[in-house]
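Engineer: Per the UniProt record's numbering, the sequence shown runs over residues 1 to 427. Cβ atoms here follow ideal geometry from the backbone N, Cα and C, with glycine treated the same way.
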Amino acid sequence: MSAVPRSLSARIVAYEALQDFIPLYPLYQLLFTDHGLSAAEISTLFIIWSTTAFLLEVPSGALADTFSRRRLLILGSVLSGLGFASWIVVPSYTGFALGFVLWGVSSALISGTFEALVYDELAAREAADRYAGLLGRARSASLVLNLAATLLAAPLYELGGYPLVGAVSLLSCLMQVVVALSLPEAARVATADETEEVEPGARHGPLGRYALMLRSGLAEASTSRTVRKAVALVALLGGFLAFDEYFPLLARDVGASTMLVPLLIAGTVAAQAIGGALAGPAYRRRSSFFGVALGLAAGLLAWGSLSGTAQGFVPIAVGYGVMQLVIVVAEARLQDAIQGPARATVTSVSGLFAEVFAVAVYAGFALGSVWLSLPILVAGLTVPLLLTALITPFTLPPPAVRANDDADDVHLPGPTPRGSHPGGPGR
1 MSAVPRSLSA RIVAYEALQD FIPLYPLYQL LFTDHGLSAA EISTLFIIWS
51 TTAFLLEVPS GALADTFSRR RLLILGSVLS GLGFASWIVV PSYTGFALGF
101 VLWGVSSALI SGTFEALVYD ELAAREAADR YAGLLGRARS ASLVLNLAAT
151 LLAAPLYELG GYPLVGAVSL LSCLMQVVVA LSLPEAARVA TADETEEVEP
201 GARHGPLGRY ALMLRSGLAE ASTSRTVRKA VALVALLGGF LAFDEYFPLL
251 ARDVGASTML VPLLIAGTVA AQAIGGALAG PAYRRRSSFF GVALGLAAGL
301 LAWGSLSGTA QGFVPIAVGY GVMQLVIVVA EARLQDAIQG PARATVTSVS
351 GLFAEVFAVA VYAGFALGSV WLSLPILVAG LTVPLLLTAL ITPFTLPPPA
401 VRANDDADDV HLPGPTPRGS HPGGPGR
């Protein structure tokens, strides 16, 4: 176990956090309606966005296992900035659609790539067991900056309208590019057997290596029992984050005033940040601990949603924070379980199925709302969460020190920039 330099930790946290410091987030639907778009047209924009990210999720993961992950992170940040800029420069359906396509491509490029880069960097430093804590801090910082951007949106709009809000959002993306440029990129880590499998693919050029990585990642996600179970668990847990889409409506349903609703939502965000920050200390706990924690979260969420009062958001916030802790640990344990060379591809597979599960949740809410009240629907979602808690002890892989005891780690040849090899200059 080795220490991670503070400068490296700060850069990793900053990259993740800046991704959510976008004041346009709470205002873009208003931007669309103010420029004449109907609810139906806005819905088609969301479909364009989701479809783009969905179709590119796994292919972009294979891309990250083939080419420089740092460069893909830079490209992802640039594309998101261009997407937000298109909304301001070309405020029409065409400009908005272009922005969503660019944002969808950006999301796909960054998803899986960031996690794989960070994990392999820590593994090269013999500090893979620090991944959960670092990821938890990064996710917590992201939530805090998201909240800060939300609070800044209104005064920025008052000062300069949508152009100023868009300019600050673009500036955040440019700052993310600067941070990405400073990130190191260690050689990929895999077992000796896998090195022999990957080497022949390199002789076929970039396309051959890309196809090999895509097959390798899909094969590991489907044939390795440990990885397959971890991918399924992470996908399920990620899908449960659909909860928070309904918290504002739930707050209004229990009688909270318009002024109180943002404060209640801020409480759930703060709890998530705390939960993510605690993932590092909790990382080495037994898998059964996280099953119990997830069951507790389900109970708290059900209790809060059925309470019928604004005070119910206290157990909701605590439950959501506990769920965030389990999610971060599960994501870290998935990285521990991956032994093949296509780390980003496997991670993207879990992201893809998380999106599928989230869509199923949205569809279930839409259908159930015909007969059931919102509190009942939110409480009903805790049933599959409780079932997930029951299988967590059997699907959550062991932490790095146990998962990698028997691994014969070597470094794969890959796109390692000058001066960024393990222990080299700038590190």
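Just how far apart, CA to CA, sit residue 400 and residue 371?
Structural biologist: Against the sequence shown, residue 400 aligns to sequence position 400. Against the sequence shown, residue 371 aligns to sequence position 371. Roughly 46 Å between the two C-alpha positions.
Engineer: Once you ignore the five residues that flank residue 309 on each side, which residues in its own chain have a CB closer than 8 Å to its CB?
Structural biologist: The count along the sequence shown starts at 1 and reaches residue 309 at position 309. These residues qualify, in order along the chain: 254 and 255.
Engineer: Within the region 260–312, note down every full beta strand (DSSP E) run reaching 3 residues or more, in order along the chain.
Structural biologist: none
Engineer: Taking the straight line between their C-alpha atoms, what separation do you get for residue 16 and residue 265?
Structural biologist: Locating residue 16 in the sequence shown gives position 16, where the first residue counts as 1. Locating residue 265 in the sequence shown gives position 265, where the first residue counts as 1. Their backbone Cα atoms lie some 21 Å apart in a straight line.
Engineer: Can you give the Cα-Cα distance for residue 61 and residue 213, rounded to whole angstroms?
Structural biologist: Indexing the sequence shown from 1 puts residue 61 at position 61. Indexing the sequence shown from 1 puts residue 213 at position 213. Rounded to the nearest angstrom, the two C-alpha atoms are 9 Å apart.
Engineer: Please list, in chain order, all residues of the same chain as residue 141 whose beta carbon is under 6 Å from its beta carbon, the five residues on each side excluded.
Structural biologist: Reading the sequence shown from its first residue, position 141 is the one you call residue 141. The answer, listed in chain order, is 13 and 17.
Engineer: Hey, out of 392, 226, 232 and 274, whose CA is closest to residue 336's CA?
Structural biologist: Within the sequence shown, numbered from 1, the residue matching residue 336 stands at position 336. Measuring from the Cα of residue 336, the nearest candidate turns out to be 226.
Engineer: If the criterion is Cβ atoms closer than 7 Å, does the pair residue 291 and residue 398 meet it?
Structural biologist: Numbered from 1 along the sequence shown, position 291 holds the residue referred to as residue 291. Numbered from 1 along the sequence shown, position 398 holds the residue referred to as residue 398. Residue 291 places its beta carbon 7 Å or farther from that of residue 398.
Engineer: Compute the Euclidean distance between the alpha carbons of residue 124 and residue 5, then round it to the nearest angstrom.
Structural biologist: Your numbering for residue 124 matches position 124 in the sequence shown. Your numbering for residue 5 matches position 5 in the sequence shown. When rounded, the distance between both Cα atoms is 13 Å.
Engineer: Measuring CB to CB, does residue 352 end up less than 7 Å from residue 105?
Structural biologist: The residue labelled residue 352 in the question sits at position 352 within the sequence shown. The residue labelled residue 105 in the question sits at position 105 within the sequence shown. Cβ distance not < 7 Å, so residue 352 and residue 105 don't count as in contact.
Engineer: Whole angstroms is fine: what's the gap from residue 318's alpha carbon to residue 207's?
Structural biologist: Taking the first residue of the sequence shown as position 1, residue 318 is located at position 318. Taking the first residue of the sequence shown as position 1, residue 207 is located at position 207. About 47 Å.
Engineer: Taking only three categories from DSSP, how would you classify residue 196?
Structural biologist: Along the sequence shown, read from residue 1 onward, the residue named residue 196 stands at position 196. At residue 196, the pLDDT of 46 sits below 50, so the modelled position is not reliable; the number obtained from the coordinates is stated separately. Reduced to three states, the DSSP call for residue 196 is helix.
Engineer: Would you check if there are 3 or more beta carbon pairs closer than 8 Å linking the region 132–152 to the region 31–39?
Structural biologist: no
Engineer: Taking the CB atoms as reference points, tell me whether residue 321 and residue 132 lie closer together than 7 Å.
Structural biologist: In the sequence shown, residue 321 corresponds to position 321, counting from 1. In the sequence shown, residue 132 corresponds to position 132, counting from 1. Not a contact, by the Cβ cut-off of 7 Å.
Engineer: Output the distance between the C-alpha atoms of residue 341 and residue 114, rounded to the nearest integer angstrom.
Structural biologist: On the sequence shown, residue 341 is found 341 positions in, with the first residue counted as 1. On the sequence shown, residue 114 is found 114 positions in, with the first residue counted as 1. For residue 341 and residue 114, the distance between alpha carbons rounds to 15 Å.
Engineer: Name the residue from 220, 96 and 385 whose alpha carbon lies nearest to the alpha carbon of residue 347.
Structural biologist: Residue mapping note: residue 347 aligns to position 347 of the sequence shown, counting from 1. The candidate whose alpha carbon is nearest that of residue 347 is 220.
Engineer: Please classify residue 56: is it buried, with 16 or more other beta-carbons within 10 angstroms of its beta-carbon, or exposed?
Structural biologist: Position 56 of the sequence shown, counted from the start, is the residue given in the question as residue 56. It counts as buried.
Engineer: What residue range does the alpha helix (DSSP H) around residue 18 cover?
Structural biologist: Taking the sequence shown and counting its residues from 1, one reaches residue 18 at position 18. Where residue 18 is concerned, the enclosing alpha helix (DSSP H) stretches over 6–18.
Engineer: According to DSSP, is residue 371 part of a helix, a strand, or is it coil?
Structural biologist: Stepping through the sequence shown from its first residue, residue 371 is reached at position 371. Note: residue 371 maps to coil in three-state DSSP.
Engineer: Our contact map puts residue 302 next to residue 382 with C-beta atoms below 8 Å; I'd like the distance itself, whole angstroms only.
Structural biologist: Counting from 1 along the sequence shown, the entry for residue 302 is found at position 302. Counting from 1 along the sequence shown, the entry for residue 382 is found at position 382. The pair is a contact, with the Cβ atoms about 4 Å apart (cut-off 8 Å).
Engineer: Which value, in whole angstroms, describes the spacing of the CA atoms of residue 19 and residue 332?
Structural biologist: As a first step, residue 19 must be located in the sequence shown, where it is residue number 19. As a first step, residue 332 must be located in the sequence shown, where it is residue number 332. Approximately 20 Å, taken between the alpha carbons.
Engineer: If you check the beta carbons only, do residue 96 and residue 45 fall under 7 Å apart?
Structural biologist: Mapped onto the sequence shown, residue 96 falls at position 96. Mapped onto the sequence shown, residue 45 falls at position 45. Yes.
Engineer: Are residue 239 and residue 358 close, meaning C-beta to C-beta below 7 Å?
Structural biologist: Numbered from 1 along the sequence shown, position 239 holds the residue referred to as residue 239. Numbered from 1 along the sequence shown, position 358 holds the residue referred to as residue 358. In contact: residue 239 and residue 358 (Cβ atoms closer than 7 Å).
Engineer: Which of the three DSSP states, helix, strand or coil, is assigned to residue 25?
Structural biologist: Taking the first residue of the sequence shown as position 1, residue 25 is located at position 25. Here residue 25 sits in coil by DSSP.
Engineer: Grouping DSSP H, G and I as helix and E and B as strand, with all else coil, what is residue 339?
Structural biologist: Here residue 339 corresponds to residue number 339 of the sequence shown, with the count starting at 1. In the structure shown, residue 339 sits in coil (DSSP, three-state: anything other than H, G, I, E or B).
Engineer: Between the beta-carbon of residue 112 and the beta-carbon of residue 344, is there less than 7 Å?
Structural biologist: Stepping through the sequence shown from its first residue, residue 112 is reached at position 112. Stepping through the sequence shown from its first residue, residue 344 is reached at position 344. Taking 7 Å as the Cβ cut-off, residue 112 and residue 344 qualify as a contacting pair.
Engineer: Candidates 365, 92, 247 and 8: which alpha carbon is nearest residue 183's?
Structural biologist: Counting from 1 along the sequence shown, the entry for residue 183 is found at position 183. Nearest of 365, 92, 247 and 8 to residue 183, Cα basis: 8.
Engineer: Grab the span of the alpha helix (DSSP H) containing residue 179 for me, first residue to last.
Structural biologist: For the purposes of this step, residue 179 is identified with residue 179 of the sequence shown, where counting begins at 1. That run of the alpha helix (DSSP H) goes 131–182.
Engineer: Taking buried to mean at least 16 other C-beta atoms within 10 Å of its own C-beta, is residue 338 buried or exposed?
Structural biologist: For the purposes of this step, residue 338 is taken as residue 338 along the sequence shown, with counting starting at 1. Residue 338 is buried by the Cβ-count criterion.
Engineer: Buried or exposed for residue 209, going by 16 or more other Cβ atoms inside 10 Å?
Structural biologist: As a first step, residue 209 must be located in the sequence shown, where it is residue number 209. Residue 209 is buried by the Cβ-count criterion.
Engineer: On the DSSP letters alone, give me the boundaries of the alpha helix (DSSP H) that residue 38 sits inside.
Structural biologist: As a working mapping, residue 38 is identified with position 38 in the sequence shown. From DSSP, residue 38 is part of no alpha helix (DSSP H); its letter is neither H nor E.
Engineer: Identify the continuous alpha helix (DSSP H) that holds residue 231 and give its terminal residues.
Structural biologist: Stepping through the sequence shown from its first residue, residue 231 is reached at position 231. Per DSSP, the unbroken alpha helix (DSSP H) holding residue 231 starts and ends at 225–239.
Engineer: Determine the direct distance from the alpha carbon of residue 98 to that of residue 195, and round the result to whole angstroms.
Structural biologist: Taking the sequence shown and counting its residues from 1, the one referred to as residue 195 is at position 195. Taking the sequence shown and counting its residues from 1, the one referred to as residue 98 is at position 98. Unreliable placement is indicated for residue 195, whose pLDDT of 44 sits below 50; no coordinate value is reported for it.
Engineer: Which value, in whole angstroms, describes the spacing of the CA atoms of residue 127 and residue 169?
Structural biologist: The count along the sequence shown starts at 1 and reaches residue 127 at position 127. The count along the sequence shown starts at 1 and reaches residue 169 at position 169. Going by the C-alpha atoms only, they are around 34 Å apart.
Engineer: Ordered along the chain, which non-local residues of its own chain (more than five positions away) have a Cβ less than 6 Å from that of residue 334?
Structural biologist: As a working note, residue 334 is residue 334 in the sequence shown. Sequence-distant partners of residue 334 (beyond 5 residues in either direction) whose C-beta falls short of 6 Å from its own C-beta, in its chain, are 230 and 234.
Engineer: Going by CA-CA distance only, name the one from 211, 102 and 360 that's closest to residue 243.
Structural biologist: Here residue 243 refers to the residue found at position 243 of the sequence shown. Out of 211, 102 and 360, 360 has the C-alpha closest to the C-alpha of residue 243.
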